[in-house]
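Here's the structure we're looking at; comments come further down.
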Amino acid sequence: MSKLGRKTLSILGRLLSSKGSALALIFLVGITLAAIFADFLPLNPVGQKLANALKGPSATNWFGTDELGRDILSRVIFGARTSLITAGGAVAIAALVGVPIGLVAGFFGGWRDAALMRFVDVLLALPAILFAMAMIAVLGRSQAAALIAVGLTGIPSFARITRAQVLTLRKRDFVTAVEAFGGTATYNMFRTILPNSWSPIFVQVVVLCSVAILLEAALSFLGVGVPPPTPSWGEMLRTGKSYLHEAPYYAVLPGIVLTLTILSFDVLGRALSGLLEGRRDPVIAPKVEEVTT
Amino acid sequence: MKTNLFRTLRRLGFLFLAATAPVAMGGTNWIAPAHAEEAALKGGTLRVALLSDMTNYDPQQFSTVNFHLVKNLYDSLIEYTAEGEAVPSLATAWQIAPDNTSVTVTLRDDVTFHSGAKLTSADVAATLAKAADPKRGKNVYATMSIVKDWTTPDANTVTINFKAPVPLRQITDLLQFTIPIEAAGIDTVETVPAGTGAYMLDSRAVGQGLTLKANPNYWRKGQPIAEKVDFTIFSEDASASAALESDAVDLIYGGTSRSAVRLKDAGYQMVRGPGPLVMVFRINSTRAPFTNAKFRQAFNYLMDREGMLRVGYAGLGEVVALPWAPASPAFNAAYTEEFAYNIDKAKELIAASGLTPAEMSNWKMLVWGNDEPSVVLSQILQSALAEVGINIELDVRQGAEYTEAQLAGDYDTTFGAVGNVQKFPSRVATNSIYRGVKNPVLKDPHPHADYVAAIAQVNTTSGPDEAVKASYDNLNRVLVNDAFAIPTNSYDTGLIVASPKLGGLSLDIDNLFVARTVGFQ
């Protein structure tokens with residue numbers, strides 16, 4: 001097994017040894033698996049039975065039914081798919097754009113650092129929810145638009161964290177050594193510094209997942225998220241709040257699942273942060289022969 | 001023998017009188033409840049919850065968001081009872097010419113505007129001039145299309161001349177829609193009210209609320225009962241309900257049907273007016289695939305109207321297949337049965353349309369995201385469409401983004417309400433989708449010549465009764481055949497839910513809020 005594999009297993013073992021993070025991990029794995037394999041389960045999130053509207057939890061409909069007689073549990077599980085895809089896509093966009101920005105800004109410094117960080121400052125100055133709503137107004141209401149909007153709001157955090165990490169590593173001996181052996185700036189950034197910056201970036205991925213899920217839910221709650229009938233937790237909360245008197249379970253149960261998901265990501269993020277912080281040694285040492293060739 | 005029979009009949013007569021006396025006495029009570037109740041009501045400050053702010057004080061801006069103000073700041077020439085009978089208001093009499101080509105209106109001579117100026121025929125003439133101006137007439141402009149000109153023989157008389165003989169109901173509709181604005185204030189009426197109503201503007205906080213105070217010179221004796229009316233705007237229906245339940249407000253005007261039903265069950269008063277709106281599925285028949293008549297007609301059968309009414313409006317309203325409320329002279333319940341939800345008939349028409357599945361699914365349904373019932377109705381129809389193999393997307397837009405598209409007619413289909421459904425049938429043509437000319441959706445020339453002709457026939461048929469009925473029947477048949485607008489159900493606009501301590505609650509024929517009769521028990 002490689003060093004990285006052993007390291008991953010070790011971190012996983014330490015995560016599972018803590019009751020809180022183990023529960024969070026199990027919950028997230030469970031909800032992710034349910035979202036992935038939802039198509040193979042006997043669920044129908046869009047099938048309407050108007051005569052069966054707003055029926056409470058029962059053996060047939062564990063979470064009850066909504067105003068159109070649709071099974072709420074089915075919609076919660078398919079809603080998890082919406083949330084996780086949006087979160088995953090948003091984090092990918094944020095990381096793919098934010099990390100290179102942070103790398104370049106931190107590595108080169110000077111005018112490039114100033115220009116890129118001012119751009120990041122502009123993004124940071126915009127309230128995430130307003131910025132996302134403006135983006136959706138431009139792109140139109142769809143899951144892709146929500147994903148891009150949430151992703152763009154995550155760029156500054158990745159850029160800032162990566163830049164801070166690069167500034168710490170930039171003058172370390174192993175980086176200087178690579179430069180001394182003729183390593184190019186690109187090589188140094190992506191092959192030397194970046195592999196040693198993964199820890200905080202990875203923690204940020206987990207943290208941003210919870211932020212992205214929350215933001216996607218907020219957008220749906222405000223009526224600008226994924227269009228109906230696609231299930232979304234935020235949309236269920238939005239509609240469910242109108243039926244709080246007649247059918248409290250309608251908003252409460254999806255709300256609990258949303259809360260637990262965000263809580264799990266948060267617990268996991270904090271646990272990972274604690275585990276990965278304090279380590280200063282490079283995870284992957286640069287191969288000198290690669291540099292000298 | 002004869003005497004015995006007479007005695008028996010006399011006894012039976014006494015028995016009948018004894019049995020019917022309580023009913024008769026109760027009947028007397030029932031006939032005049034308003035006066036008896038009004039006398040017992042006390043004044044005070046009436047606190048009213050609203051869900052949206054007004055746009056302006058122009059009574060010709062007949063938007064639902066202004067419905068709480070119009071009949072409090074202004075009076076109309078005549079009013080309708082809930083049964084549709086025309087009764088005097090600012091006009092004491094209206095004399096229709098034998099050939100139905102003019103009406104002469106006599107004004108009350110004891111009415112003053114809020115400014116103190118006396119109401120005269122010059123004010124009515126100025127109001128008619130504004131209404132007839134396409135740029136200033138707003139929602140009354142379409143109604144003025146029948147008017148040729150008007151004269152003011154004296155300060156209390158106005159004669160309105162028509163372009164052609166006009167049916168009686170259309171004349172009274174015009175008078176009911178004519179709300180005199182003080183001539184001196186007509187150019188600033190959007191920002192400064194200039195009416196004769198029972199209440200005057202006291203103060204307004206934009207987006208938060210508005211306060212009216214009693215007009216001390218109001219011409220209706222004993223009214224208004226409440227000295228002040230405080231309107232507070234709530235952003236959420238649930239917040240307004242909570243305010244009523246916690247006694248922070250006395251009444252909710254224009255809340256949702258669902259909340260109203262719940263609050264009624266909890267012991268609050270619910271008042272439904274005679275002027276509902278009708279929800280209509282609007283189809284842009286100038287765009288493919290809706291240029292195909294058979295395809296459009298299939299939508300008559302694709303509406304699960306019962307389900308839509310129950311889920312969208314908590315069952316408050318009636319299912320309809322025509323754009324009429326039951327009070328309309330053109331209402332015909334048989335159509336609701338004929339065009340009941342029937343997937344098989346819809347499939348037959350879809351098959352007869354000759355369209356391919358790809359062509360049939362190549363459109364979007366515009367949805368007003370702020371309106372919960374619209375979202376629900378759209379999803380119910382989307383599901384019914386999926387059942388017949390048509391898979392379409394919902395284009396949900398919020399607020400101004402939706403309104404802009406709707407007013408500009410920039411959509412394939414959308415759900416939207418129409419008003420004036422309880423009045424003269426051709427008044428339906430004041431709603432954008434039903435306009436015969438300058439239709440923002442269907443444009444000019446109107447693609448449905450039969451419909452335009454049917455409206456014209458209704459407008460020009462003033463008798464005999466059989467001919468009038470035939471013109472209504474023709475219009476109804478044309479509406480379902482052309483199928484560019486598919487009605488689903490009527491529902492209450494301006495619904496009132498009030499604390500049990502209030503009395504004298506009523507709505508006018510258009511469900512406008514009338515505060516002058518409301519007081520505390």
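As you go down the protein sequences, you meet chains A and B in turn.
Quick note on our numbering: the first sequence kicks off at 1 and runs consecutively.
Quick note on our numbering: the second sequence kicks off at 1 and runs consecutively.
All residues carry an ideal CB built from backbone N, CA and C; glycine is no exception.
Taking just the CA atoms, how far does residue 507/B sit from residue 58/A? Distance from the CA of residue 58/A to the CA of residue 507/B, rounded to the nearest whole angstrom, comes to 43 angstroms.
With a Cβ-Cβ cutoff of 8 angstroms, do residue 186/B and residue 195/B count as a contact? In this structure, residue 186/B keeps its C-beta atom at 8 angstroms or more from the C-beta atom of residue 195/B.
Return yes when the Cβ of residue 393/B is within less than 8 angstroms of the Cβ of residue 364/B, no when it is not. In contact: residue 364/B and residue 393/B (Cβ atoms closer than 8 angstroms).
Can you list the residues of chain B that residue 219/A reaches, using a CB-CB cut of under 8 angstroms? By Cβ distance, chain B contributes nothing, its closest Cβ being about 11 angstroms from residue 219/A, past 8 angstroms.
With 16 as the cutoff for other CB atoms within 10 Å, does residue 227/A come out buried or exposed? With 16 or more other Cβ atoms from the protein chains shown falling within 10 Å of its own Cβ, residue 227/A counts as buried.
Determine the burial state of residue 297/B: buried for a count of at least 16 other Cβ atoms within 10 Å of its Cβ, exposed for fewer. It counts as buried.
Please work out which residues of its chain come closer than 7 angstroms, Cβ to Cβ, to residue 336/B, disregarding the five sequence neighbours upstream and downstream, and give them in chain order. Excluding positions up to five away in sequence, the list reads 319, 320, 321.
Best match in 500/B, 291/B, 382/B for proximity to residue 519/B [C-alpha to C-alpha]: Of the listed residues, the one whose Cα sits closest to residue 519/B is 500/B.
Could you please give me the residues that DSSP links to residue 96/B through a beta bridge? Looking at the DSSP output, residue 96/B bridges to 103/B.
Is the CB of residue 231/A under 8 angstroms away from at least one CB in chain B? At a cut-off of 8 angstroms, the C-beta of residue 231/A has no neighbouring C-beta in chain B.
Would you tell me roughly how many angstroms separate the C-alpha atoms of residue 89/B and residue 157/B, rounded to the nearest one? Computed Cα separation, rounded: 14 angstroms.
In chain order, which alpha helix (DSSP H) runs of at least 4 residues are fully inside the stretch 348-416 of chain B? 357-360, 372-387, 399-408, all fully within the stretch 348-416 of chain B.
Give me the Cα-Cα distance between residue 115/A and residue 93/A, rounded to the nearest whole angstrom. About 20 angstroms.
Would you tell me roughly how many angstroms separate the C-alpha atoms of residue 143/B and residue 432/B, rounded to the nearest one? Their backbone Cα atoms lie some 13 angstroms apart in a straight line.
Could you spell out where the beta strand (DSSP E) holding residue 199/B opens and where it closes? Its beta strand (DSSP E) spans residues 199-205.
Does any C-beta atom of chain A lie closer than 8 angstroms to the C-beta of residue 394/B? For residue 394/B, at least one C-beta of chain A is nearer than 8 angstroms to its own C-beta.
Anyone know if the C-beta pair for residue 311/B and residue 51/A falls short of 8 angstroms? The answer is no: Cβ separation not under 8 angstroms.
DSSP state of residue 284/B, grouped into three classes? In this structure, DSSP gives residue 284/B a state outside helix and strand, which the three-state scheme calls coil.
Within this structure, are the beta carbons of residue 139/B and residue 61/B separated by less than 8 angstroms? Taking 8 angstroms as the Cβ cut-off, residue 139/B and residue 61/B qualify as a contacting pair.
Would residue 390/B pass as an interface residue toward chain A - the criterion being a Cβ-Cβ separation below 8 angstroms? Answer no: the Cβ-Cβ gap between residue 390/B and chain A never drops below 8 angstroms.
Which chain A residues sit within Cβ distance under 7 angstroms of residue 369/B? Per Cβ cutoff of 7 angstroms: 223.
Can you find at least 3 beta carbon pairs, one from the stretch 114-126 of chain B and one from the stretch 244-253 of chain B, that sit closer than 8 angstroms? No, the stretch 114-126 of chain B does not touch the stretch 244-253 of chain B.
Sorted by chain position, which residues of the same chain lie with C-beta nearer than 6 angstroms to residue 16/B's C-beta, five sequence neighbours on each side aside? Its pLDDT being 42, under 50, residue 16/B is placed unreliably in this model, and the value from its coordinates should be taken loosely. There are no such residues.
Considering only the alpha carbon of each residue, which of 194/A, 263/A, 72/A lies closest to residue 161/A? Taking each of 194/A, 263/A, 72/A in turn and checking the Cα distance to residue 161/A, the smallest one comes out for 194/A.
Neighbourhood of residue 147/B by C-beta distance below 8 angstroms, restricted to the same chain and skipping five residues each side: If the five residues before and after residue 147/B are omitted, its C-beta is found closer than 8 angstroms to the C-beta atoms of 128, 132, 160, 161, 162, 163, 174, all from its own chain and listed in chain order.
Verify the CB distance criterion: does residue 307/B have a CB-CB separation below 8 angstroms to chain A? Closer than 8 angstroms to some Cβ of chain A, the Cβ of residue 307/B qualifies, so yes.
Flag this pair as touching only if the stretch 59-70 of chain A and the stretch 232-249 of chain A have three or more C-beta atom pairs under 8 angstroms; answer yes or no. Output reads yes: the stretch 232-249 of chain A touches the stretch 59-70 of chain A.
Taking residue 229/B as the reference, which of 326/B, 204/B, 220/B has the closest Cα? Answer by Cα proximity: 204/B.
Cα-Cα separation between residue 256/B and residue 112/A, rounded to whole angstroms: Within the model, the alpha-carbon separation for residue 256/B versus residue 112/A is close to 56 angstroms.
Does residue 1/B come out as helix, strand or coil in the three-state DSSP assignment? Only weak support is given to the placement of residue 1/B: the predicted model assigns it a pLDDT of 42, under 50, and the question is left unresolved by the model.
Taking the alpha helix (DSSP H) that residue 254/A belongs to, which residues open and close that run? Start and end: 248-276.
Start-end ranges of the alpha helix (DSSP H) lying completely within the stretch 172-213 of chain A, minimum 4 residues: Runs of the alpha helix (DSSP H) lying entirely within the stretch 172-213 of chain A, each at least 4 residues long, are 173-180 in chain order.
Any chain B beta carbon closer than 8 angstroms to residue 374/A: Outside the displayed range of chain A (1 to 293) lies residue 374/A, so it cannot be described from this structure.
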